[in-house]
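Colleague: Under this note's numbering, the residues of the sequence shown are numbered 7 to 151, in order.
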Amino acid sequence: MAVASEGGHWIQLMRLRPAFEGAEVVYVSTNPALAKAFGLTNFRLLPDANLDEKLKLVWVLIKALVLVIRERPTHVITTGAAPGFAVMLCGKVTGAKVIWVDSIANAEELSSAGRKAGRVADHWLTQWEHLTDKYPGLECKGRVI
């Protein structure tokens with residue numbers, strides 16, 4: 007399962023698509039138009055939310071749990087933001103291996119969700135080498151963009 011909010015998070019996830027070649031991938035995002043724009047037939051929709059919308063975050067988490075239970079992914083990869091984090095959490099609870107790739111936009115410090123992801127993710131990645139010194143366990147494998 008590959009998950010990202012629309013915008014830059016989604017573009018970065020789409021740049022990772024060649025790595026998924028040969029795998030059956032369910033793509034998840036917050037805008038239904040993305041499925042058509044990127045030619046995706048295996049697409050699921052989640053609502054979006056942010057830290058200022060606590061009730062919406064709870065709703066996203068509930069919807070993410072239902073989605074993960076229904077789809078039973080073996081792996082979850084996300085470039086963020088909140089919906090990706092919610093699916094990552096639910097995936098971890100149901101036994102999936104999870105990968106967090108923090109957005110390239112976070113050059114000085116990790117995103118809020120990215121910092122929390124380090125406690126959950128099997129692979130916790132940044133696109134900025136210098137951030138690995140600041141966050142023990144964080145890895146840099148290169149840039150998506």
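We treat Cβ as the ideally placed atom computed from N, Cα and C, and that holds for glycine. Just so we're clear, the structure is a prediction, and the values are computed from it rather than from any experiment.
(1) Within a Cβ cutoff of 7 Å, which residues of the same chain sit near K147, ignoring the five residues on either side of it in sequence?
(2) Please name the residue in I105, A39, Q18 and H15 whose C-alpha comes closest to that of R50.
(3) Spatial neighbours of P79 within its chain, please: C-beta separation below 7 Å, excluding the five flanking residues on both sides.
(4) Check I105 in the structure and name its three-state DSSP category.
(5) Buried or exposed, going by whether 16 or more other CB atoms sit within 10 Å of the CB of H15?
(6) Out of curiosity, what's the CA-to-CA distance linking G86 and A119?
(7) Please classify G28: is it buried, with 16 or more other beta-carbons within 10 angstroms of its beta-carbon, or exposed?
(8) Give me whichever residues DSSP pairs with F49 in a beta bridge.
(9) Taking one C-beta from the stretch 105-112 and one from the stretch 121-129 each time, how about it: are there three or more such pairs within less than 8 Å?
Modeller: Once the coordinates are examined:
(1) L131
(2) A39
(3) M7, V32, G97 and A102
(4) strand
(5) buried
(6) 7 Å
(7) exposed
(8) Y33
(9) yes
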